[in-house]
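J.: Note that our numbering has the sequence shown beginning at 614, numbered continuously upward.
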Amino acid sequence: GGKSLYFLVHHYLRRFTMLLENQVNHVTNGTADIQVESDITMKITASTISKIARTDFLDITIGHPLHSIAYEVMVYDLMKKFSLHQYQLGYWDSVTLSNGGFYMCLRSDVTYVISTEQTSTECSSETASIIVNLFALEWLKNIDRITEKERIHFTHLYQCLKDYAVKHIDQIIIESLID
Numbered sequence: 614g615g616k617s618l619y620f621l622v623h624h625y626l627r628r629f630t631m632l633l634e635n636q637v638n639h640v641t642n643g644t645a646d647i648q649v650e651s652d653i654t655m656k657i658t659a660s661t662i663s664k665i666a667r668t669d670f671l672d673i674t675i676g677h678p679l680h681s682i683a684y685e686v687m688v689y690d691l692m693k694k695f696s697l698h699q700y701q702l703g704y705w706d707s708v709t710l711s712n713g714g715f716y717m718c719l720r721s722d723v724t725y726v727i728s729t730e731q732t733s734t735e736c737s738s739e740t741a742s743i744i745v746n747l748f749a750l751e752w753l754k755n756i757d758r759i760t761e762k763e764r765i766h767f768t769h770l771y772q773c774l775k776d777y778a779v780k781h782i783d784q785i786i787i788e789s790l791i792d
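#1: Counting only the same chain and skipping the five closest in sequence on each side, list residues whose C-beta sits under 8 Å from that of Gly713.
#2: Which residue's Cα is closest to the Cα of Leu790: Leu747, Ile657, Glu685, Phe670?
#3: Is the number of C-beta pairs between the segment 727-747 and the segment 664-683 that are closer than 8 Å three or more?
#4: Starting from the C-beta of Lys775, find all residues in its chain whose C-beta is less than 7 Å away, skip the five residues before and the five after it, and write them out in chain order.
#5: Tell me the residue span of the alpha helix (DSSP H) that contains Thr674.
#6: Starting from Arg758, trace the beta strand (DSSP E) both ways and give me its first and last residue.
#7: What are the boundary residues of the alpha helix (DSSP H) that Tyr684 is part of?
#8: Under 9 Å between the Cβ atoms of Met717 and Ser742?
#9: Using C-beta distances below 7 Å, list every residue in its chain close to Val745, excluding the 5 sequence neighbours before and after it, in chain order.
#10: Considering Cα atoms alone, identify which of Trp752, Phe767, Gln784 is closest to Glu739.
#11: Work out the CA separation of Thr734 and Leu697 for me, nearest whole Å.
#12: Using the Cβ count rule (16 or more neighbours within 10 Å means buried), how would you classify Leu753?
#13: With H, G and I counted as helix, E and B as strand and the rest as coil, what does DSSP make of Tyr700?
#14: For a test of the three-state rule: what should DSSP assign to Ser721, helix, strand or coil?
In structure tokens form, the structure reads like this:
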């Protein structure tokens, strides 16, 4: 009843304040712990978008249809490039993160060998998806012809996904490939 509502309101006000103050200090498998000054720990959870909601998801999340198309193509191209052409095609889920982030996740049971300039390693399709999304968001936020408002938005999306990734079960693999 009242206690649940109080907790929910308190939870979201705390989350909003945290995001505004950029007090995210660290982010676990499927969820990520966020530590704030008061030592209250919140989880970043991942949720797959339904097929119906998926239609406009990227346009709404990215903010512009041309940017969302460019982003989606970049994710596919990076997956093909980083997997040394092991990836051909597949179904990608849209995943939202409770901290405001998102990523496109390849639905596959295949283990991919992912190679970047930093290193090469085997990983699940989910881990590979997080890696290519981080690279694609990095690319998107550095495009010359975007506004400062768009750059800030894309940087925020990148940071939200990175906060989720740094406590992922494959954190070591992710960090070795992106840093």
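Where is the CB? At the ideal position from N, CA and C, for every residue including glycine.
T.: According to the structure shown:
#1: Walking along the sequence shown from the start, residue 713 turns up at place 100. Cβ-Cβ distances below 8 Å link Gly713 to Leu632, His769, Leu770, Cys773 in the same chain, with the five nearest sequence neighbours on each side left out; the list follows chain order.
#2: In the sequence shown, counting from the first residue as 1, residue 790 sits at position 177. Ranking Leu747, Ile657, Glu685, Phe670 by Cα distance to Leu790 puts Leu747 first.
#3: Contact between the segment 727-747 and the segment 664-683 is absent: fewer than three C-beta pairs spanning the two stretches fall below 8 Å.
#4: Taking the sequence shown and counting its residues from 1, the one referred to as residue 775 is at position 162. Once the five neighbours on either side are set aside, the close Cβ partners of Lys775 are Leu747.
#5: As a working note, residue 674 is residue 61 in the sequence shown. Run containing Thr674: 664-675, per the alpha helix (DSSP H) assignment.
#6: As a working note, residue 758 is residue 145 in the sequence shown. Here Arg758 belongs to no beta strand (DSSP E), and DSSP marks it neither H nor E.
#7: The count along the sequence shown starts at 1 and reaches residue 684 at position 71. 678-695 is the extent of the alpha helix (DSSP H) around Tyr684.
#8: Numbered from its first residue, the sequence shown carries residue 717 at position 104. Numbered from its first residue, the sequence shown carries residue 742 at position 129. For the 9 Å CB-CB criterion, Met717 and Ser742 form a contact.
#9: Taking the first residue of the sequence shown as 1, we reach residue 745 at position 132. The beta carbon of Val745 lies closer than 7 Å to those of Val688, Leu691, Met692, Phe695 in the same chain, with the five residues before and after it left out.
#10: Within the sequence shown, residue 739 is the residue found at index 126, counting from 1. Closest by C-alpha distance to Glu739, out of Trp752, Phe767, Gln784, is Gln784.
#11: Counting from one through the sequence shown, the residue named residue 697 turns up at place 84. Counting from one through the sequence shown, the residue named residue 734 turns up at place 121. About 12 Å.
#12: Taking the first residue of the sequence shown as position 1, residue 753 is located at position 140. Around the beta carbon of Leu753, 16 or more other beta carbons sit within 10 angstroms, so the residue counts as buried.
#13: Counted from its first residue, the sequence shown places residue 700 at position 87. In the three-state reduction of the DSSP assignment, Tyr700 falls in the coil class.
#14: For this step, residue 721 is matched to residue 108 along the sequence shown. Coil at Ser721, not helix or strand.
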